[in-house]
Amino acid sequence: MSVGTPAGAAAGAGAALGIEERFGPYGGRFVPEVLIAALDQLTSAWGEAREDVDFADELARLLGDFVGRPTPLYRAERLSERVGRRVYLKREDLAHTGAHKINNAVGQALLAKRMGKRRVIAETGAGQHGVAAATACALLGLECVVYMGTEDMRRQAPNVERMRLLGADVAPVEVGARTLKEAVSAAIRDWVTNVASAHYVIGSAVGPAPYPALVRDLQRVIGDEAREQALALEGALPGRVIACVGGGSNAIGTFTAFIGDPEVELIGVEAGGEGLDSGRHGASLVAGSTGVLHGALSAVLADEEGQILEAHSVSAGLDYPGVGPEHAYLRDTGRARYEAVPDAEALQAFRELTRLEGIIPALEPAHAIAWLLSEARSARDASAPGRGAEEGDGFDVLTLSGRGDKDLAEVVARLGDG
Amino acid sequence: MADRIAAAFAAARAQGCAALMPYMMGGFPDHETSLAIADAYADAGADLVELGIPYSDPLADGPVIHAAATRALAAGATLDSALTICERLASRVPVVAMTYANMALARGPERFARALADAGAAGAIVPDLPPEEGGDVAAALRAAGLALVPLVAPTTDPERRARLCAAAEGFVYLVSDTRTTGEREALPSGLADLVEATRAESPVPVAVGFGIGTPEQVAAVGAIADGVIVGSRLVRAVDEAGGRDAATAAVAGFIGEARQAIAAAGRAVQ
Numbered sequence: 001m002s003v004g005t006p007a008g009a010a011a012g013a014g015a016a017l018g019i020e021e022r023f024g025p026y027g028g029r030f031v032p033e034v035l036i037a038a039l040d041q042l043t044s045a046w047g048e049a050r051e052d053v054d055f056a057d058e059l060a061r062l063l064g065d066f067v068g069r070p071t072p073l074y075r076a077e078r079l080s081e082r083v084g085r086r087v088y089l090k091r092e093d094l095a096h097t098g099a100h101k102i103n104n105a106v107g108q109a110l111l112a113k114r115m116g117k118r119r120v121i122a123e124t125g126a127g128q129h130g131v132a133a134a135t136a137c138a139l140l141g142l143e144c145v146v147y148m149g150t151e152d153m154r155r156q157a158p159n160v161e162r163m164r165l166l167g168a169d170v171a172p173v174e175v176g177a178r179t180l181k182e183a184v185s186a187a188i189r190d191w192v193t194n195v196a197s198a199h200y201v202i203g204s205a206v207g208p209a210p211y212p213a214l215v216r217d218l219q220r221v222i223g224d225e226a227r228e229q230a231l232a233l234e235g236a237l238p239g240r241v242i243a244c245v246g247g248g249s250n251a252i253g254t255f256t257a258f259i260g261d262p263e264v265e266l267i268g269v270e271a272g273g274e275g276l277d278s279g280r281h282g283a284s285l286v287a288g289s290t291g292v293l294h295g296a297l298s299a300v301l302a303d304e305e306g307q308i309l310e311a312h313s314v315s316a317g318l319d320y321p322g323v324g325p326e327h328a329y330l331r332d333t334g335r336a337r338y339e340a341v342p343d344a345e346a347l348q349a350f351r352e353l354t355r356l357e358g359i360i361p362a363l364e365p366a367h368a369i370a371w372l373l374s375e376a377r378s379a380r381d382a383s384a385p386g387r388g389a390e391e392g393d394g395f396d397v398l399t400l401s402g403r404g405d406k407d408l409a410e411v412v413a414r415l416g417d418g
Numbered sequence: 419m420a421d422r423i424a425a426a427f428a429a430a431r432a433q434g435c436a437a438l439m440p441y442m443m444g445g446f447p448d449h450e451t452s453l454a455i456a457d458a459y460a461d462a463g464a465d466l467v468e469l470g471i472p473y474s475d476p477l478a479d480g481p482v483i484h485a486a487a488t489r490a491l492a493a494g495a496t497l498d499s500a501l502t503i504c505e506r507l508a509s510r511v512p513v514v515a516m517t518y519a520n521m522a523l524a525r526g527p528e529r530f531a532r533a534l535a536d537a538g539a540a541g542a543i544v545p546d547l548p549p550e551e552g553g554d555v556a557a558a559l560r561a562a563g564l565a566l567v568p569l570v571a572p573t574t575d576p577e578r579r580a581r582l583c584a585a586a587e588g589f590v591y592l593v594s595d596t597r598t599t600g601e602r603e604a605l606p607s608g609l610a611d612l613v614e615a616t617r618a619e620s621p622v623p624v625a626v627g628f629g630i631g632t633p634e635q636v637a638a639v640g641a642i643a644d645g646v647i648v649g650s651r652l653v654r655a656v657d658e659a660g661g662r663d664a665a666t667a668a669v670a671g672f673i674g675e676a677r678q679a680i681a682a683a684g685r686a687v688q
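Order-wise, the sequence lines are chains A and B. One point on numbering: in the working numbering, the residue at position 118 of the first sequence is 118, and numbering is uninterrupted. Take any residue in the second sequence, note its place counting from 1, add 418, and you have its number in the working numbering.
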């Protein structure tokens with residue numbers, strides 16, 4: 001999308017502050033005019049906050065004492081044995097509220113307070129971001145409304161209760177498939193309406209600029225810690241860094257620290273749903289097209305007319321027909337590669353990790369675990385039996401983005417309790 | 419074709435009135451009914467028609483228009499089927515097609531612009547395509563003789579508003595307040611000042627939309643602006659009518675009343 005009109009001269013306010021508005025051709029601000037001023041304000045506020053020592057200190061204090069960072073980089077012995085390669089899990093499931101979402105929520109809630117906005121709007125799919133936003137708002141004394149599709153409210157009932165306990169207003173969204181896409185749209189509409197008094201805390205590295213850069217900046221703590229921890233534990237960088245991708249915030253937060261290390265392979269794992277051929281999946285990067293969703297040009301699931309399609313995934317957090325624009329750029333440049341894993345394999349991996357390591361993963365990172373297990377099987381099949389093909393060829397870091405308590409009902413219903 | 423927009427505003431002005439621009443959702447509740455509604459708009463005296471091309475994720479629209487888009491799509495509406503409504507109306511009143519960026523990008527800017535031009539559209543409104551993102555689409559529309567109508571909001575800062583107005587083609591679509599489309603109890607305070615400031619900066623007419631749903635509101639806006647856009651009120655009327663004849667009667671009745679109200683109120687500005 002070229003800058004082709006006189007008004008285009010206004011573009012680049014974020015660029016001047018070092019906050020990317022575009023990633024190659026992707027990103028931008030495809031939003032109603034009403035929101036432009038608020039996005040400009042947010043860009044300036046983040047540009048200033050990033051440089052402010054007091055803000056950095058306050059955020060660091062909260063990430064340490066409240067969130068519990070740094071999270072461990074845990075060597076998963078039995079999983080390593082199973083896949084024939086050393087695997088470290090970046091334990092975001094051990095962060096307060098049980099997922100990486102809290103890193104972004106605390107940062108943006110602090111930013112909202114700094115901007116003088118007393119009301120926070122959030123959307124949620126799996127409920128993890130909603131819980132994180134409700135938690136951050138309770139901590140900082142902000143009003144919080146969380147939009148959530150009623151299908152997700154059904155799938156993630158415990159998180160609905162947690163949000164309400166934390167004092168948030170959970171607003172049910174009844175339109176469309178009643179999942180994350182519609183929740184984001186409802187949140188944006190609320191923001192359009194109340195733009196002067198409210199801040200929209202988007203939950204992933206999606207949306208109009210500056211959100212993809214803002215959320216990445218707040219989530220990059222995952223990869224920054226993991227890189228340092230890997231160097232301390234192994235004296236080397238990992239061969240592969242693996243994370244699941246829905247909107248892509250835990251993945252971009254993990255990848256960012258390693259993008260400048262060309263020897264580190266970056267692998268994002270999307271939701272293959274019922275299979276890519278079925279058309280019922282959430283794999284925008286692997287099987288989607290280029291288009292606009294929620295204010296950014298990126299990879300989307302859309303038909304030939306540009307109508308956005310419904311995503312399908314056993315995991316509410318990956319049930320989204322778009323993805324952050326930086327991932328589309330990393331895909332095109334070849335710096336990262338993206339794979340899709342179907343529901344059935346993710347469910348098996350959920351159970352396998354639970355029994356191998358005593359860690360119940362969320363269904364989202366269970367997709368990443370499933371990819372790892374499936375890669376190991378293919379590698380074994382391709383080599384002598386009984387020997388891991390890549391043993392000794394370095395090690396992997398996999399971001400375990402959240403814990404699976406929220407998914408128990410769904411998993412038990414699908415797998416049985418055996 | 420963009421000249422037809424200017425002519426329609428000028429004709430209304432010559433009669434001492436603001437132009438009335440009712441909105442309809444193409445293909446809602448079904449294609450045949452929406453063709454009949456289009457005829458009713460023209461018969462009842464619409465000066466221009468804003469034709470919604472249904473889109474799955476209309477971020478600027480409130481629940482009434484979103485639901486109408488969802489139903490039109492479920493009934494099989496496409497860009498091309500919606501444009502047959504434009505073809506039918508274009509010989510009678512100028513049509514401004516309203517849709518979202520993804521539909522223009524999916525078709526490709528040139529093919530999108532050609533499809534609109536072939537259907538006789540005079541302009542396009544793409545609310546999620548601000549000028550920073552709209553270069554290719556704007557250029558393609560301009561090359562096809564169509565205006566890409568800019569939106570200006572109460573939150574648009576004055577310096578940006580001046581730039582948007584200076585570059586405007588067709589007319590400026592002034593969003594009355596910061597909400598999505600939909601009916602309101604009352605017009606926002608400060609609207610008169612906002613209209614006045616925008617008109618002072620715009621070389622083309624300024625039409626006001628969002629939240630105008632009664633003949634009284636139409637008259638109040640018509641007194642201060644160059645055009646009045648009525649959307650959700652009419653879409654709701656179609657929804658509630660529950661049949662083609664009742665729907666056309668309802669929209670024709672409202673447009674007739676709105677026209678009378680505009681004429682009776684006259685204009686407080688030149």
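Glycine included, every Cβ here is placed at the ideal spot set by N, Cα and C.
Check whether the Cβ of residue i lies closer than 8 angstroms to any Cβ atom in chain A.
i	result
Y473 (chain B)	yes
V590 (chain B)	no
M521 (chain B)	yes
A524 (chain B)	yes
Report the three-state DSSP secondary structure of residue i (helix, strand or coil).
i	result
V221 (chain A)	helix
H96 (chain A)	helix
T632 (chain B)	coil
F672 (chain B)	helix
K113 (chain A)	helix
C144 (chain A)	strand
T290 (chain A)	strand
S298 (chain A)	strand
E310 (chain A)	coil
D446 (chain A)	Residue 446 (chain A) cannot be examined here, being either before or after the span of chain A that is shown, 1 to 418.
F55 (chain A)	helix
Y518 (chain B)	coil
C435 (chain B)	coil
H199 (chain A)	strand
If you draw a straight line from the C-alpha of residue i to the C-alpha of residue j, how long is it?
i	j	result
R162 (chain A)	A105 (chain A)	16 angstroms
D40 (chain A)	P172 (chain A)	29 angstroms
T256 (chain A)	G248 (chain A)	12 angstroms
V215 (chain A)	H100 (chain A)	11 angstroms
A571 (chain B)	A37 (chain A)	10 angstroms
D332 (chain A)	F66 (chain A)	38 angstroms
Y88 (chain A)	G239 (chain A)	11 angstroms
A486 (chain B)	V201 (chain A)	29 angstroms
G275 (chain A)	R377 (chain A)	19 angstroms
A425 (chain A)	I222 (chain A)	Any property of residue 425 (chain A) remains undetermined from this structure, which presents chain A solely from 1 to 418.
A287 (chain A)	S509 (chain B)	43 angstroms
M442 (chain B)	F628 (chain B)	13 angstroms
Please go through the same chain and pick out, in chain order, the residues whose beta-carbon is closer than 7 angstroms to the beta-carbon of residue i, but skip the five residues on each side of it.
i	result
L309 (chain A)	L301, A302, D303 and P321
I259 (chain A)	R335
P512 (chain B)	R422, I423, A426, L466 and A540
Counting only beta-carbon separations shorter than 8 angstroms, does residue i have a partner in chain B?
i	result
G28 (chain A)	yes
P32 (chain A)	yes
E305 (chain A)	yes
T179 (chain A)	no
S185 (chain A)	yes
L17 (chain A)	no
A122 (chain A)	no
Excluding the five sequence neighbours on either side, which residues of its own chain have a C-beta within less than 8 angstroms of the C-beta of residue i, listed in chain order?
i	result
M521 (chain B)	I471, Y473, L497 and F530
Going along the chain, which residues of its own chain have a beta-carbon closer than 6 angstroms to the beta-carbon of residue i, five neighbours each way excluded?
i	result
E20 (chain A)	A213
P633 (chain B)	E675, A676 and A679
Exercise. Taking Cβ-Cβ distances below 9 angstroms as the criterion, which residues of the stretch 538-559 of chain B are in contact with chain A?
Worked result: Those residues of the stretch 538-559 of chain B that come within reach of chain A (Cβ to Cβ, closer than 9 angstroms) are P545, D546, L547, P548, P549, E550, E551, G552, G553, D554, V555, A556 and A557.
Exercise. For the stretch 564-575 of chain B, which residues have a beta carbon sitting closer than 7 angstroms to at least one beta carbon of chain A?
Worked result: Listed by position along the chain: L569, V570, A571, T573, T574 and D575.
For this session: Residues of the stretch 591-618 of chain B with a CB closer than 7 angstroms to any CB of chain A: list them in chain order, please.
Result: Listed by position, the residues of the stretch 591-618 of chain B near chain A (Cβ gap below 7 angstroms) are V593, T596, R597 and T598.
Exercise. Relative to chain A, which residues along the stretch 469-493 of chain B have a C-beta separation below 9 angstroms, given in chain order?
Worked result: Against chain A - using a Cβ distance shorter than 9 angstroms - the residues of the stretch 469-493 of chain B are P472, Y473, S474, D475, P476, L477, A478, D479, G480, P481, H484, A485, T488 and L491.
Exercise. Which of the residues in the stretch 494-513 of chain B, read from start to end, lie with their CB under 7 angstroms from any CB of chain A?
Worked result: For chain A, the residues of the stretch 494-513 of chain B that bring a beta carbon within less than 7 angstroms of one of its beta carbons are T496 and L497, in chain order.
Problem set entry | Contacting positions in the stretch 144-164 of chain A - beta carbon closer than 9 angstroms to chain B | Taking 9 angstroms as the Cβ-Cβ cut-off against chain B, none of the residues of the stretch 144-164 of chain A qualify.
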